[in-house]
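Going by our numbering, 1181 is the number at position 468 of the sequence shown; the sequence numbering is gapless. Backbone N, C-alpha and C fix where the C-beta goes; we use that ideal spot for every residue, glycine too. Below is one structure, written out as structure tokens; the observations come after it.
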Amino acid sequence: MREKEHLQSIIKYWRSIEVFNLPDFTMGQSENDRYSKVDFTKKEPWLRGEVSPKADHEFLYTLVLGTVSKKKVFKTIDSFFSVEARLKDEDYDFINGQTLLCSITLSQQGTVKEFGYLLPSYIFGVQLLKQSKSLDQVNKLIKDQNDDFLHRNKILKEHDFLEDESEFVSGSFTHSRLQEEIDQIKKMTSFWFDEEIAVYLNVREVKKDRNVDPPFLNSFYLDDLNKVLELKEEQVSSIVSTLLSSQVDKSKRIDILNNRGAFLEVINPKYLSIGRWPNSLNYNLYHAQQGAVQNILHNLQEGGVFSVNGPPGTGKTTLLKEVIANVIVRRADLILEVGVSKIFNEKAKKVVSKSSSFVNYYHELNSRFLGEFGIVVTSNNNTAVENISKELPKREEKSYVDTLGFGYFSEIAERLVTGQTNWGTLAAVLGNAKNRYQFIDNFWNDDKKGKLQIGFSSFLRDVVRQKNKEDNSYYLALFKKEEANYRALRREFDSFKNLAELYFVMLHQFGENQSLLHELTKTEREIDEELSSRELLFNLKSAALDDLFDDRTRVQETLSHLKTIQPSLFFIHKLFRTSLYKEWNKSYQLPLQELLEINQTISTDQAEVRQIKKEITKLTEQQQVIRKQKSKPQQYFLDLEQKKETISEKYGIEINNLPDEWFIDESMEDLHLSMPFYSAKVAKIQSDIFLSALRIHELTIKINEGIISKNIRTYMACLATGPDKDTSMMQHLWDSFFICVPVVSTTLASISKQFPFDLKLGWTLIDEAGQAVPQSAVGVLQRSKRAVVIGDPLQIEPVVTIPPSLVEKLREEYKVDLLWSPYVSSLQQLADRTSKQGTAIIDYKDTSVWTGFPLRVHRRCIDPMFSISNSIAYNNQMVLFPGLKTDGSESANAIQTQWIDVKSDQSALNKHVILEEIAAIESFLNTNAQAIGRDDVYIISPFKNVADHCSRHFNSTLYPHVKCGTVHTFQGKEAKTVVFVLGTDQNGGGARKWASQKPNLVNVAVTRAKKSLIIVGDRDLWRQQLYFSTLSSEVN
């Protein structure tokens, strides 16, 4: 299968799942879900002309036409598959609640609101299944049905000639028209739904002239999935293509926790981050955090996706803040490069408002800014989005920014996030209509409650513009001064970085030089030994030659003496060989022979000595060469030590934060806890660079006040009414806004209504991605140039609202691999799959699972919570921050971690609730009220009915600091004391088995508790379960 067909099959599969994502219908007591049954014998309030008594408010009516149990819907869907593939009874166990057949939203006057008609997508999905047709047609059927609704009810868009117009013109919705819609629904559903279609009405009061999100929607992701399917292959985002690729080259994976060289390389100062979030200067990023930040910023320069695996409490938010700081620094670089007065086109463009005759204007932004620097933080987890939105502007006590008293439009920031002191307008919480209007009111508009707080609009108009009128060069002069400061800081940082980089390059040569020196020393030793041996032999041979020369002299003297005593008339004696001659000759021949032998030996030995001397000369030359060669690595070690001392002394870097030659021998715990190249001095330079970059942004806004005011005013109009279809204009408006407020946070569910499909986002940071079904991110990733996917597959998994067997049937229908099932892979797991840098973890199936870039220093929980989590989920790879290690001594009033063992002979209430456990919690809270004080206490349970019972029992009136919920709803939160109430009776084995099938639930539960974990439940029942057995053995 070609990659295009492969990708389309997966997205079609995911789309089919979303088709059967049923809207929830509940009848409760809150304003949004307070419904009453419509009495057709009475006039409805819009027909009676009722109006809201509140000023600037109006009534909003929601009609729900027909409700049906979700189980019935899924059983109907199941009936259109083959008998052999029928869903089992247990597949329906977790399916509860009602859905609806249709909803219609009306104005106070009874006219249909924009997007006020909803026929759920599953209605069409069921039709197509019955007809054995492809679910690919659902989108067209929905559109056709919407058009039919407009036609049936004779609803026309006001100014129909204006394509973008969204106001609807229709008469009031009467009973007869309502009956027509009921008949239409009956016609569409008669083959499977034969019950009475009751109509329910909800009445809400909303502010006038403000759009309100429809109360019911089809899947938030359906529209984006359809649009991606319509793209040509080359138009699909490289990020989407990467995540959905059929093949991954596993040979290129680098396990950084099992490769010391790779673990060192990830903090290469060549890619050291320039800016730093202005936290306290007393600490910095740990090794893996810094490595992740550096590699994100370097690897994603031209785009792409980067996966980070972050267990609980390992600093994921801290990491994201560092990425954000450096994106802001990069935009400041571009502002200086382009020129502060040249980043906008001088000529304005006109925009006609959709909702009034008011004309807005905007100026185009330099194209180099478009789609490059905008940052969107998003998640399926509302808490994660909330956390980052609060963390960014918060003025932490003793932080560097607090010490300086620095602020970035801090007066506005105080209005954006209440309940804390803020230093900067750094994040906008957007998404649903309520959030958008709240942001518009708090950021742009003046405070209307008499607190005399002006909004950003008035600030620009009344403060900045007035100053520009008084002195049109005032802000420009400040800008030039700040530019000089920024460039000076950059030079100072570059000087440090160059020194650190040179040291790091040298450090990489340590092994090579060490091996070289070892080999040279070994060779030198061998030469020395051989030279010593040759010299000894030379000396011995020389001494022997001296002896031989002495012997020769002695023999020669003997011969000379013998010649003096030869017989007279020697010639005659020799001629006749007389006895006298023979006697003399005999005495002469002996020394003569000895002399000959001595001469022979001398000749041989002299030759040997000459040879030895040559060898000694050669060895001496070799010795000199080796010593010269040794001087290079020896000088290297001297230079390395000198560089080490220089960088340490000049910048105050402690030895444990400076990677050195002993890196390979350090324990992994020590390496994890190191803060590479950190010192307070370096941290100050980096923090100052970031704050200077923010100051450059602030002055850029003030210098371009007129243009910024126009662009943001137009942006606010679009934010209120929804994105304009002119994507080019929206691109300029969004990137203008990002210059003012660098980060937007929103849930994944709001992406499609927040950003036009063709809009380009510079950076998307997806938090808690282990909780996200992969299809939820397709839309935002299609819009993104760069994406950081951060989360943990070993915490709470994605919530899939349709039965696993149905998901499996749809998978078989589209012939895609099991990998792509949302029951098998979260977004995090798909991103981890493509990550080149990561590590392996042995999962609960004893299978090696590849994860993304690993963070492993835990800074939240003390033991035993840390050790339990580390043992059951992370193969003991995590390292506990030393400040959380205890010596076992606790203060007198500290609450001890404990298991409150509760036995009960009674059956569980509502399947899982044990009343004795509730009583035990109440007793615990009352007994420890003084120790708890005003701190929040979380009461969490694996089961929703237990959590709901606790919410009612420990209500906010009696227990204001107690918060209750399921384990799932508390991911991303933490408290000093957490009560983990287990529930279930003797017959609840199935429920206990469900809760213990993976380590995820226990892992999340224990890591919510910073200081004390109180487990409440029957120990004998629960300790038999996997992971709970570890809990039982670790907690008394």
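- Message: Residues in the same chain with beta-carbon distance under 8 angstroms from V764, minus the five sequence neighbours each way, listed in chain order, please.
- Response: By the criterion of a C-beta distance shorter than 8 angstroms, V764 is surrounded in its chain by E771, F772 and Q821, once the five residues flanking it on both sides are discounted.
- Query: Beta-carbon separation of Y1075 and L1519 under 8 angstroms?
  - Reply: Contact: no.
- Where are the alpha helix (DSSP H) runs, 4 residues long or more, that stay fully inside the segment 1465–1499, in chain order? Taking 4 residues as the shortest admissible run, the segment 1465–1499 contains the following complete alpha helix (DSSP H) segments, listed from N- to C-terminal end: 1491–1496.
- Task: Sort M1443, F1122, L854 and I836 by Cα distance to V1064 and report the nearest one.
- Result: In terms of Cα proximity to V1064, the closest of M1443, F1122, L854 and I836 is M1443.
- Message: Which runs of the beta strand (DSSP E) at least 3 residues long sit entirely within the segment 881–947? Give them in chain order.
- Response: Fully enclosed beta strand (DSSP E) runs of 3 or longer: 912–920.
- Query: Is it true that the CB of R1247 sits closer than 8 angstroms to the CB of V1329?
  - Reply: Residue 1329 is actually Ile in this sequence, not Val. I1329 is a Cβ neighbour of R1247, given a cutoff of 8 angstroms.
- Message: Let me make sure I understand the geometry here. Which of K767, I1366 and L1189 has the alpha-carbon closest to that of E918?
- Response: Selected option, being the one with the closest Cα: K767.
- Message: For a test of the three-state rule: what should DSSP assign to L1734, helix, strand or coil?
- Response: The answer is helix: DSSP assigns L1734 an H, G or I state.
- Task: Whole angstroms is fine: what's the gap from M1429's alpha carbon to P1455's?
- Result: Taking the CA atoms as reference points, M1429 sits about 16 angstroms from P1455.
- Would a C-beta distance cut-off of 8 angstroms place I1479 and I1503 closer than the cut-off? Yes, they are a contact pair.
- Item | Inter-stretch contact at 8 angstroms, needing at least 3 Cβ pairs: the segment 843–857 / the segment 823–830 | No: fewer than three Cβ pairs fall under 8 angstroms.
- Express the C-alpha separation of V1493 and E946 in angstroms, rounding to a whole number. So the two alpha carbons sit approximately 17 angstroms from each other.
- Task: Determine the extent of the beta strand (DSSP E) in which E1382 is found, giving its start and end residues.
- Result: Looking at the DSSP string, E1382 is not in any beta strand (DSSP E); the run it does join, the alpha helix (DSSP H), is M1381 to L1386.
- Item | Reference N1100; option with closest CA among S1458, E1242 and F837 | If we check each option's Cα against that of N1100, S1458 comes out closest.
- Query: R665: buried (16+ other C-beta within 10 angstroms of its C-beta) or exposed?
  - Reply: In this structure the chain extends from 714 to 1749, so residue 665 is not present and cannot be described.
- What is the DSSP secondary structure of E1015, counted as helix, strand or coil? When secondary structure is reduced to three states using DSSP, E1015 falls in the coil class, being assigned neither helix nor strand.
- Where S1561 sits in the DSSP three-state scheme: Judged by DSSP in its simplified three-state form, S1561 adopts strand.
- State yes or no: is the C-beta of S1539 within less than 8 angstroms of the C-beta of P1516? In this structure, P1516 does not lie closer than 8 angstroms to S1539 by Cβ.
- Might you give, ordered along the chain, the residues of its own chain that have their beta carbon closer than 7 angstroms to the beta carbon of F874, omitting 5 neighbours on each side? In this prediction, F874 scores a pLDDT of 34, lower than 50, which makes its location untrustworthy; the coordinate-derived value is nonetheless stated afterwards. Within the same chain, and ignoring the five residues on either side of F874 in sequence, no residue has its Cβ closer than 7 angstroms to its Cβ.
- Query: Is the number of C-beta pairs between the segment 1378–1395 and the segment 1354–1366 that are closer than 8 angstroms three or more?
  - Reply: Of all C-beta pairs linking the segment 1378–1395 to the segment 1354–1366, three or more are shorter than 8 angstroms, placing the two stretches in contact.
- Task: Consult DSSP for Q1227 and reduce its assignment to one of helix, strand or coil.
- Result: In this structure, Q1227 counts as helix in the three-state DSSP scheme.
- Terminal residues of the alpha helix (DSSP H) in which V1042 lies: K1029 to V1051 is the extent of the alpha helix (DSSP H) around V1042.
- Selection from S1186, R1200 and P1304 that minimises the alpha carbon distance to S1054: It is S1186 whose Cα lies nearest to the Cα of S1054.
- Task: Just grab the DSSP bridge partners of L1593 for me.
- Result: The partner list for L1593 (beta bridge, DSSP) reads H1571.
- Query: What residue from S1255, D752 and N924 has the CA that sits closest to P1436's CA?
  - Reply: Ranked by Cα distance from P1436, the options S1255, D752 and N924 are led by N924.
- Query: I1278 by DSSP, collapsed to three states: which one?
  - Reply: Three-state result, I1278: coil.
- If you run the structure through DSSP and keep just helix, strand and coil, what is K1686? DSSP places K1686 in coil when its eight states are reduced to three.
- Among A1140, K1299, V777 and A1482, which residue has its Cα nearest to the Cα of N1094? Considering only alpha carbons, the answer is A1482.
- Nearest residue (CA-CA) to G1565, options P1024, L1628, Y1150 and G884: Closest by alpha carbon: P1024.
- Task: Work out the CA separation of K1180 and I1125 for me, nearest whole Å.
- Result: So the two alpha carbons sit approximately 19 angstroms from each other.
- Three-pair Cβ contact test at 8 angstroms for the segment 1000–1015 versus the segment 1563–1580: The segment 1000–1015 vs the segment 1563–1580: in contact.
- Query: Beta-carbon separation of V777 and L735 under 8 angstroms?
  - Reply: It is not a contact, given that the beta carbons lie outside the stated cut-off.
- Span separating the alpha-carbon of Q742 from that of S749: Per the coordinates, the alpha-carbon of Q742 lies some 11 angstroms from the alpha-carbon of S749.
- Item | Endpoints, the alpha helix (DSSP H) within which E1354 is located | Unbroken alpha helix (DSSP H) run through E1354: S1292 to Y1364.
- Return the CA-CA distance between T788 and F1656, expressed in angstroms with no decimal places. Note that residue 788 is Lys in the sequence shown, not Thr. One C-alpha to the other measures close to 25 angstroms.
- Could you give the distance in angstroms between the alpha-carbon of I723 and the alpha-carbon of F1683? Straight-line Cα distance between these residues: approximately 31 angstroms.
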